[in-house]
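For what it's worth, the numbering used here labels the leading residue of the first sequence as 15, then goes sequentially.
Structure first, then comments.
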Amino acid sequence: MSPLQPVRGARDILPENILTHRHVEETLCRVATCYGYSEIVTPVFEFTEVFARTLGDTSDVVTKEMYTFLDKGGDSLTLRPENTAGVARAFISGGMAQKLPLKLFYRGPMFRYERPQKGRQRQFHQVGVELLGVQGPAADVEVIALGAQYLEWLGVLDKATLELNTLGDAESRAAYRAKLVGYYQDHREKLSEDSLGRLERNPLRILDSKDEGDKAINAGAPLINESLNDASRRFFDQVQAGLDTVGVSYTLNSHMVRGLDYYCHTAFEFVTGALGAQGALLAGGRYDGLIKQLGGPSTPGTGWAAGVERLAMLDATAPAAPRPIAMVPAGNSSDVSRRVLTLTQALRGAGFRVDLGYSGNMGKRMKRANKINACAVVMIGEDELERRAATVRDMDSGEQTEVPLDSLQSHLARYR
RNA sequence: GUGGCUGUAGCUCAGUUGGUUAGAGCAUCGGCUUGUGGUGCCGAGGGUCGGGGGUUCAAAUCCCCUCAGCCACCCCA
15 MSPLQPVRGA RDILPENILT HRHVEETLCR VATCYGYSEI VTPVFEFTEV
65 FARTLGDTSD VVTKEMYTFL DKGGDSLTLR PENTAGVARA FISGGMAQKL
115 PLKLFYRGPM FRYERPQKGR QRQFHQVGVE LLGVQGPAAD VEVIALGAQY
165 LEWLGVLDKA TLELNTLGDA ESRAAYRAKL VGYYQDHREK LSEDSLGRLE
215 RNPLRILDSK DEGDKAINAG APLINESLND ASRRFFDQVQ AGLDTVGVSY
265 TLNSHMVRGL DYYCHTAFEF VTGALGAQGA LLAGGRYDGL IKQLGGPSTP
315 GTGWAAGVER LAMLDATAPA APRPIAMVPA GNSSDVSRRV LTLTQALRGA
365 GFRVDLGYSG NMGKRMKRAN KINACAVVMI GEDELERRAA TVRDMDSGEQ
415 TEVPLDSLQS HLARYR
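Right, here's the structure in full:
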């Protein structure tokens with residue numbers, strides 16, 4: 015372990031990459047705002063109990079992926095592996111049950127102790143939305159439409175497909191689970207070792223196994239569709255009808271399930287083939303049981319989370335870095351440098367992006383102006399000072415204009 | 001957590017069967033150019049060869065351990 019490298023799976027986001035990262039986050043802010051969602055920020059750590067109770071004792075996240083530690087007061091804390099539990103906790107502690115329906119979005123770092131690979135880090139960033147307090151399928155439709163809109167604004171929607179499934183309500187899910195367990199028990203000698211474990215812990219998970227033998231068995235497995243009660247079936251139909259109405263296309267995938275226990279009804283995932291094995295870009299579903307399970311009032315919820323780094327890897331629309339105006343004093347008269355400094359201060363105060371070098375002759379400063387991709391250079395020497403003017407050079411055309419200092423700001427307005 | 005592949009300059013990579021002071025391109029910095037950027041020419045700086053140990057007269061090169069990245073599994077954003 016060298017202290018001179020970041021902790022495994024953690025990364026610096028360097029200045030040349032931050033614009034894309036920020037663009038991915040800010041686009042979510044814009045889209046979510048259009049849908050009437052407000053931002054919420056919860057702590058990056060919670061009492062371990064918050065995650066242990068909501069994620070389920072058998073989930074991988076809880077059993078092996080959490081960053082858990084004792085603080086100096088002896089409390090067990092955990093760096094959040096996802097944000098839904100934290101939002102649910104905030105909902106309860108903040109007494110927000112009076113404000114339903116509640117439409118929230120968030121962004122920030124998450125932590126999972128996993129083996130890193132492409133598109134998977136131990137500290138990574140997610141954006142997400144949560145819609146609390148809406149019973150009906152309109153909520154699921156809105157949230158999925160928001161996700162599709164978001165990917166479209168990022169310019170990555172055409173690289174993703176929306177997969178949709180239902181897990182049914184508690185009754186349907188229990189019935190299905192029983193059927194599945196029966197089926198797999200009959201084939202248990204052919205199941206992979208991993209799937210034998212799943213059979214104990216989370217039999218639904220066998221459905222999306224990548225093992226070839228498992229896949230063959232899954233081909234004959236009972237479908238959730240056959241276990242849905244009327245209410246669950248109607249709910250799923252309405253979600254699909256709603257998506258048709260808003261023009262979001264999807265494919266049904268009866269083998270897509272959820273790793274976290276609190277999901278019910280709708281499960282969905284925008285997946286891409288462009289990121290190797292890490293295909294999930296944006297995924298979520300309905301979690302009606304979560305808040306009650308945490309000790310709050312029974313409150314339905316639906317939402318999703320998306321991986322910022324994964325989206326950034328696909329995003330082609332990130333804006334170019336803004337171009338500054340460079341101030342270039344000529345000669346080394348102290349009158350000139352004082353005047354350039356006050357002008358720089360005034361321009362910056364007026365909202366211009368202005369670069370003022372720290373040293374060097376004119377040639378050096380011009381080179382620097384070029385290197386930082388300045389759109390214009392404001393040159394001032396003793397000559398200009400006498401005439402109370404500045405020479406403005408457009409760095410693309412090379413054209414130079416002498417501008418009276420009084421009208422410098424209005425002349426530079428085109429570069430703002 | 002399991003399995004496989006890979007680590008040489010800031011970046012992309014050369015480096016012969018182990019053999020002198022480890023090279024190139026790009027980038028950086030300086031000069032040609034002390035009131036004018038990009039192109040050009042000249043020059044310079046920059047390397048614990050991922051780290052540690054071992055074999056050997058001699059290791060970037062062979063062996064072991066370790067760290068990190070990548071790929072797949074597990075799982076997931």
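We put the CB at the ideal spot given by N, CA and C, even for glycine.
Here the structure is a predicted model, which is why all the values come from computation and not from measurement.
Residue i in three-state terms, based on DSSP
i	result
residue 34	helix
residue 270	coil
residue 389	coil
residue 121	strand
residue 214	helix
residue 81	strand
residue 21	coil
residue 339	strand
residue 28	coil
residue 428	helix
residue 116	strand
residue 219	helix
residue 420	helix
residue 408	strand
residue 413	coil
residue 15	Residue placement at residue 15 is flagged as unreliable, the pLDDT there being 44, under the threshold of 50; the coordinate-derived value follows with that caveat. In this structure, residue 15 counts as coil in the three-state DSSP scheme.
residue 294	strand
residue 129	coil
residue 331	coil
residue 325	helix
residue 308	coil
residue 86	coil
residue 109	coil
residue 206	coil
residue 199	helix
Integer Cβ distance of residue i from residue j, believed to fall under 8 Å
i	j	result
residue 162	residue 176	7 Å
residue 183	residue 279	7 Å
residue 147	residue 313	6 Å
residue 252	residue 151	4 Å
residue 365	residue 430	7 Å
residue 103	residue 307	Wrong, their Cβ atoms sit about 11 Å apart, outside the cutoff.
residue 391	residue 383	5 Å
residue 81	residue 125	5 Å
residue 84	residue 329	The pair is not a contact, with the Cβ atoms about 39 Å apart (cut-off 8 Å).
residue 284	residue 165	6 Å
residue 193	residue 288	Contact doesn't hold; Cβ gap of about 36 Å is too wide.
Distance cut-off 7 Å: residue i Cβ against heavy atoms of the ligand GDP
i	result
residue 380	Ligands are entirely absent from the displayed structure, and the ligand GDP is therefore not among its contents.
Residues bridged to residue i [DSSP beta-bridge criterion]
i	result
residue 59	93
residue 317	144, 299
residue 403	418
residue 139	123
residue 134	131
residue 52	118
Unbroken stretches of the beta strand (DSSP E), 3 residues or longer, contained in the segment 345 to 397
368 to 370, 390 to 394
With contact counted as at least three CB pairs below 8 Å, one residue from each stretch, are the segment 289 to 301 and the segment 317 to 329 in contact?
yes
So within the segment 222 to 288, which uninterrupted alpha helix (DSSP H) runs reach at least 4 residues, ignoring any that extend past its ends?
226 to 233, 244 to 260
Using 8 Å as the Cβ pair cut-off and three pairs as the minimum, do the segment 334 to 342 and the segment 150 to 160 touch?
no
Meets three-Cβ-pair contact criterion under 8 Å: the segment 80 to 95 and the segment 52 to 62:
yes
Which runs of the alpha helix (DSSP H) at least 4 residues long sit entirely within the segment 144 to 194? Give them in chain order.
151 to 168
Any contact of the segment 321 to 332 with the segment 126 to 141, i.e. 3+ C-beta pairs under 8 Å?
yes
If you pair each beta-carbon of the segment 193 to 212 with each one of the segment 249 to 268, do three or more pairs fall below 8 Å?
no
Touch check for the segment 114 to 122 and the segment 38 to 51: three-plus C-beta pairs under 8 Å?
yes
Should the segment 110 to 117 be regarded as contacting the segment 48 to 55, the criterion being three or more beta carbon pairs within less than 8 Å?
yes
If you pair each beta-carbon of the segment 210 to 220 with each one of the segment 247 to 261, do three or more pairs fall below 8 Å?
no
Using 8 Å as the threshold, is the segment 407 to 417 in touch with the segment 354 to 361, meaning 3 or more CB pairs across them?
no
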